[in-house]
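In our numbering, the protein residues as written are 1 to 175.
Let me begin by presenting the structure, written as structure tokens, before commenting on it.
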């Protein structure tokens, strides 16, 4: 309720399966949030545009989530097939941190959580698949610095109530 989110036109105008918003965390700080899906049948141009969006997003504080369909990547060593090498190169060149270390579909880590800062994610858990889906849910705590303004809270001052007046009012109500 305390954050404002804005559609990130520049990144969303690139023709690929991703959605980008900017969350305003204070008057001077914001964070980009991107959700990506790299289809196994995506053509090279679409993949390049998605990677271009991720590269642009990584220039500021951001979190990028999604199904990248790169089953050959061993995330502990970063070894992979040549078809998945561009994603590994992108992550390394943009100094992104990949937080998922357990399989999210079968034996593969296909769903990723990428951040520009390693301490942005805590307590990441891989949970059971949602409904009849075959990808596991990912749950985590996002750690960000925010400025939340003071909120006005109305409180009743019961000790100052006129209880005799309340009793009289209630006594004439046709219950």
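No residue lacks a Cβ here, since even glycine has one placed at the ideal position from N, Cα and C.
- With 16 or more neighbouring CB atoms inside 10 Å of its own CB, residue 63 falls in the buried class.
- DSSP places residue 165 in the helix class (H, G or I) of the three-state scheme.
- Looking at 37, 3, 12, the one whose alpha-carbon comes closest to that of residue 27 is 3.
- DSSP places residue 9 in the uninterrupted alpha helix (DSSP H) bounded by 9 to 12.
- Per DSSP, the continuous alpha helix (DSSP H) segment holding residue 44 begins and ends at 44 to 57.
- Going by C-alpha positions, residue 112 is about 10 Å away from residue 70.
- Between the region 95 to 107 and the region 133 to 147, the count of Cβ pairs shorter than 8 Å is three or higher; the stretches touch.
- Remark: C-beta atoms of residue 54 and residue 124 do not approach each other more closely than 9 Å.
- Judged by beta-carbon spacing, residue 34 lies within the 9 Å limit of residue 11, meaning their Cβ atoms are closer than that value.
- Shown here for residue 116: same chain residues with a beta carbon closer than 6 Å to its own, the five before and five after excluded, namely 58, 61, 62 in chain order.
- With a cutoff of 9 Å on beta-carbon distance, residue 99 and residue 68 are scored as not near each other.
- Between the C-alpha atoms of residue 84 and residue 154 there is a straight-line separation of about 56 Å.
- The criterion of a C-beta distance shorter than 9 Å is satisfied by residue 47 and residue 16.
- Cβ neighbours of residue 66 within its own chain (closer than 8 Å, five residues either side excluded): 18, 34, 35, 36, 37, 38, 111, 112.
- Look at residue 157 here: in three-state DSSP terms it is coil, with no helix or strand label.
- Boundaries of the beta strand (DSSP E) around residue 129: 121 to 129.
- Taking all protein chains in view, the Cβ of residue 31 is crowded by 16 or more other Cβ atoms within 10 Å, so the residue is classified as buried.
- Distance from residue 119 to residue 91 at the Cβ level is roughly 17 Å; contact not present, criterion being Cβ atoms closer than 8 Å.
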